[in-house]
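Peer 1:
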Amino acid sequence: MSTLVISDLHVDVLTEEGNKPILKGVNLTVRPGEIHAIMGPNGSGKSTLAYAIAGHPKYEITRGSVTLDGVELTELSVDERARAGLFLAMQYPVEVPGVSVANFLRTAKTALDGVAPKVRTWVKDVEGALGRMQLDKTFSARSVNEGFSGGEKKRHEIAQLELLNPKAAILDETDSGLDIDALKIVSEGVNRYSAQGDRAVVLITHYTRILRYIEPTFVHVFVDGRIVAEGGKELAENLEATGYEQYVKAAANA
Amino acid sequence: MPNVAGAIETIESHLHPEPSFDVAKHPMPTGREEIWRFSPLKALRPLLAEGAPLGGLDWAGELPAGVEMRKVPAAEARERAIEPPVDRVAAIASQRTGDAVYMNVPAEAVIDEPIVFTATGTGQQAAESLVVDFGRHSRATLVLHFQGSAQYASKYDFRVADGAEVNLVYVNDWDGDAVHGGQITVEVGRDARVRTIHASLGGKAIRIAERAMFAGPGGEIEQFGIYFVEGGQHVEHRMFVDHNAPHTKSNVDYRGALQGHGAHSVWIGDVLIRKVALQIETYESNKNLVLTDGCQADSVPNLEIETGEIAGAGHSSTTGRFDDNQLFYLMSRGITEDEARRLVVHGFFNDIIRRIGVPAIEQKLLAQVERELELVHGSTATKDHE
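Which chain is which? The protein sequence lines are Y and D, in order. The numbering of the first sequence is numbering that gives the first Met the number 0, which starts it at 0 and goes up by one. The numbering of the second sequence is numbering that gives the first Met the number 0, which starts it at 0 and goes up by one.
1. Note down, in chain order, every chain Y residue with its Cβ under 8 angstroms from the Cβ of glycine 333(D).
2. Between leucine 210(Y) and alanine 36(Y), is the Cβ-Cβ spacing less than 8 angstroms?
3. Where does the unbroken alpha helix (DSSP H) through valine 234(D) begin, and where does it stop?
4. May I have the straight-line CA-CA distance separating glycine 69(Y) from isoleucine 5(Y), to the nearest angstrom?
5. Taking only the alpha-carbon atoms, compute the straight-line gap between glycine 293(D) and valine 228(D) and give it to the nearest angstrom.
6. Report yes or no: is there a C-beta of chain D within less than 8 angstroms of the C-beta of alanine 53(Y)?
7. Under the three-state reduction of DSSP, which class applies to valine 104(D): helix, strand or coil?
8. Of all the options Ser93(D), Leu257(D), Gly175(D), which has the alpha carbon lying nearest to the alpha carbon of threonine 318(D)?
9. Going along the chain, which residues of its own chain have a beta-carbon closer than 7 angstroms to the beta-carbon of leucine 46(D), five neighbours each way excluded?
10. Glycine 393(D) bridges to which residues according to DSSP?
11. Kindly indicate which three-state DSSP category methionine 132(Y) falls into: helix, strand or coil?
12. To be precise: take each residue of the segment 122-146 of chain D, compare its Cβ to all Cβ atoms of chain Y, and keep it if any distance is under 7 angstroms. Which residues remain?
13. Need the endpoints of the alpha helix (DSSP H) that isoleucine 157(Y) sits in, please.
14. Between the C-alpha atoms of glutamine 278(D) and glycine 39(Y), what's the straight-line distance to the nearest angstrom?
15. Alpha helix (DSSP H) containing aspartate 337(D): first to last residue?
16. Within 10 angstroms of the Cβ of aspartate 241(D), are there 16 or more other Cβ atoms? Answer buried if so, exposed if not.
17. Leaving out five residues before and five after glutamate 94(Y) in sequence, what residues of the same chain have Cβ atoms less than 6 angstroms from its Cβ?
18. Quick check on this structure: which residue in His260(D), Leu290(D), Ala296(D), Ser249(D) has the alpha carbon closest to the alpha carbon of tryptophan 266(D)?
19. Under 8 angstroms: do the segment 93-106 of chain D and the segment 131-138 of chain D share three or more Cβ pairs, one atom per stretch?
20. Taking DSSP's pairing of strands, which residues face glutamine 136(D) in a bridge?
21. Evaluate arginine 341(D) with the Cβ neighbour count: other Cβ atoms within 10 Å of its Cβ, from every protein chain shown; 16 or more gives buried, anything less gives exposed.
22. Just list the residues that DSSP pairs lysine 286(D) with in beta bridges.
23. Measuring CB atoms only, is the segment 199-214 of chain D touching the segment 156-176 of chain D, in the sense that at least three cross pairs come out at less than 8 angstroms?
24. Classify leucine 111(Y) as helix, strand or coil using the three-state DSSP reduction.
25. Below 8 angstroms on the Cβ atoms is my contact criterion, and I expect isoleucine 226(Y) with leucine 27(Y) to pass it. Report the Cβ-Cβ distance as a whole number of Å.
26. Checking 8 angstroms against the spacing of the C-beta atoms, do alanine 276(D) and asparagine 250(D) come in under that value?
27. Express the C-alpha separation of valine 165(D) and threonine 117(D) in angstroms, rounding to a whole number.
28. Which residue or residues does DSSP assign as beta-bridge partners of glycine 60(D)?
29. Look up glutamate 361(D) in the DSSP assignment and say whether it is helix, strand or coil.
In structure tokens form, the structure reads like this:
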């Protein structure tokens, strides 16, 4: 069972001009099997939330906590958080020239499990996970994210999600830059992962489009570094019609 | 048609002095000269001194059937050379060569297995001249593997005739006190294809002038290099590609990792595109990964363009530390920081090694990189946990 609890989270981004507060008290509990969509305008701090929870060195948590199954993540290094069961599908996956997808996946799996995966089943697992994302066999010989199309990068992220099968996943704008076919493929992957029933999913998105394929348990509106409204999927439908403006104005007047 | 002649300043060519066998034409450097300003003159001192002929390294290797190799008088090597020495070390190498070596790969010979020679220094000062002719339409791979210790000055000439396909591999795997300086000149024949791979892994000071020129149109040369420079070590590759014929191509890509106090790498990437060299294509790249404080990487790409009618010309140079985003990405998948660094460095070199296209050499170099990584592993880890 996997519960992700974010409590009163305050985060600064480190810039050359000094610290700049971005997150101003985020509270969110994601129970096993739930999918929480976090929606907000550009610059609201959605990606900061994702990166701060994963431990990116550019962000500093100044207050609050994040626990996964009771384990305090904010005290752990980036790799320790991943080994505690956290996964971040990135909006801009990073190129690692000269490191093949196959080598990367095997190294990650070995690090997470503490032992190298069994060769025979592993190769099949990798081919299966890539195949379900419609990435062909030659894909595993390519350098990680190097020369990948936007869609290939995102499908590679979700292939990792399925293969590494973490306790909790934060998907940071996985839908951005995808055409409708790729969006369906990616959504199916997320749904398969979530259908296991005991995983926690945080789906960060700017658009409502992906919510046609992935049904969220809850929708949260994120403005100016905090959650300002919560509801079911009907909230996303309202946003589709009215946009973020009312929330942005309300936050500005608060 | 891209015309870059107007966009890029044409500079006076002070980097390629008139080559000469006459040592007097190469005065003792003071360290202020453009071609010497990065070099450790003190370490190179024995290689700059005139004197009696010296012996060579201990060479071992198997010669395939049909390939001829013999000792020749130094004077004959000078006559067969593609060009005279361009600096004092090469001039001294030539002057102090006792017996020179001449190798000939006959025309149309196709030699699948790499020709591998191991040259071992025995702690002595040494000077050698080597001239190799690769005949028309021949195909061969020559690997020169240096080890042991020496103060070694060398002058090598590789003439690749029309239509030949040749790989030249130099592995500088010297002991920690070795000093090696010299000149390697490659002439690329009409429609010939040459690939050179230069791996510098050991030694106290290495300074090699690598020069390439063409004997006709349509030739191609690719030059790949990797170097691992440790504290107190100096590794200097001075590249010069002379596009002196039309429709020729060159691609130079050198990558190095530096770690430890006083680790110093120098990469000079000169390209000259002459008036006659229409429709040529060239790209030069140098990347340095600085693993610790106290290292210095000098990287100087330089294009001189005398015609605007070219297909493409460019260069790039980057020197930096680990990319935080790469480490973050790998670590966010559970990979430890040490392992992530190892993967990034491995990838950095593998990116070059995989393009070599000679499996035996790729495997050998990957193993060498693995070994170097094991050596640096502890100290980079210490560094990062500060």
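The C-beta atom is built at its ideal place from N, Cα and C for all residues, glycine as well. Just so it is clear, the structure is predicted and the values come from calculations on it, not from any experiment.
Peer 2: With the structure as the only source:
1. Among the residues of chain Y, those whose CB is under 8 angstroms from the CB of glycine 333(D) are Asp78, Ala81, Arg82, Ala107, Ala110, Leu111, Leu163, following chain order.
2. Yes, they are a contact pair.
3. It is not in any alpha helix (DSSP H) - valine 234(D) instead sits in the beta strand (DSSP E) that spans 233-242.
4. Spanning the two alpha carbons is a distance of roughly 11 angstroms.
5. Linking glycine 293(D) to valine 228(D) through their CA atoms gives a straight-line distance of about 12 angstroms.
6. At a cut-off of 8 angstroms, the C-beta of alanine 53(Y) has a neighbouring C-beta in chain D.
7. Secondary structure of valine 104(D) (DSSP, three-state): strand.
8. It is Leu257(D).
9. When the five nearest sequence neighbours on each side are left out, the beta carbons in the same chain lying within less than 7 angstroms of the beta carbon of leucine 46(D) are those of Val88, Ile91, Gln150, Ala152, Val178, Gly180, in order along the chain.
10. For residue 393(D) there is no data in the structure shown, the boundaries of chain D being 0 and 385.
11. Looking at methionine 132(Y) - three-state DSSP - the assignment turns out to be coil, as it is neither helix nor strand.
12. The residues in question: there are none.
13. Start and end: 149-163.
14. Glutamine 278(D) and glycine 39(Y) have their alpha carbons spaced roughly 53 angstroms apart.
15. It spans 336-352 - the alpha helix (DSSP H) in which aspartate 337(D) sits, taken as one unbroken run.
16. By the Cβ neighbour-count rule, aspartate 241(D) is buried, with 16 or more other Cβ atoms within 10 Å of its own.
17. Excluding the 5 residues flanking it on each side, glutamate 94(Y) has same chain C-beta neighbours closer than 6 angstroms at Asn144, Glu145, in chain order.
18. Answer by Cα proximity: Ala296(D).
19. In short, these stretches touch, since the Cβ pair count reaches three.
20. Note that residue 136(D) corresponds to histidine in the displayed sequence, not to glutamine. Answer is none; histidine 136(D) lacks a bridge partner.
21. With a threshold of 16 other beta carbon atoms within 10 Å, arginine 341(D) meets it and is buried.
22. According to DSSP, lysine 286(D) bridges with Arg254(D), Thr317(D).
23. The segment 199-214 of chain D and the segment 156-176 of chain D touch, with no fewer than 3 CB-CB distances between them shorter than 8 angstroms.
24. DSSP places leucine 111(Y) in the helix class (H, G or I) of the three-state scheme.
25. With a Cβ gap of about 7 angstroms, isoleucine 226(Y) and leucine 27(Y) count as contacting.
26. Contact check for alanine 276(D) against asparagine 250(D) fails: the beta carbons are separated by 8 angstroms or more.
27. Rounded to whole angstroms, threonine 117(D) to valine 165(D) spans 19 angstroms at the Cα level.
28. For glycine 60(D), DSSP records a beta bridge to Phe116(D).
29. In this structure, glutamate 361(D) counts as helix in the three-state DSSP scheme.
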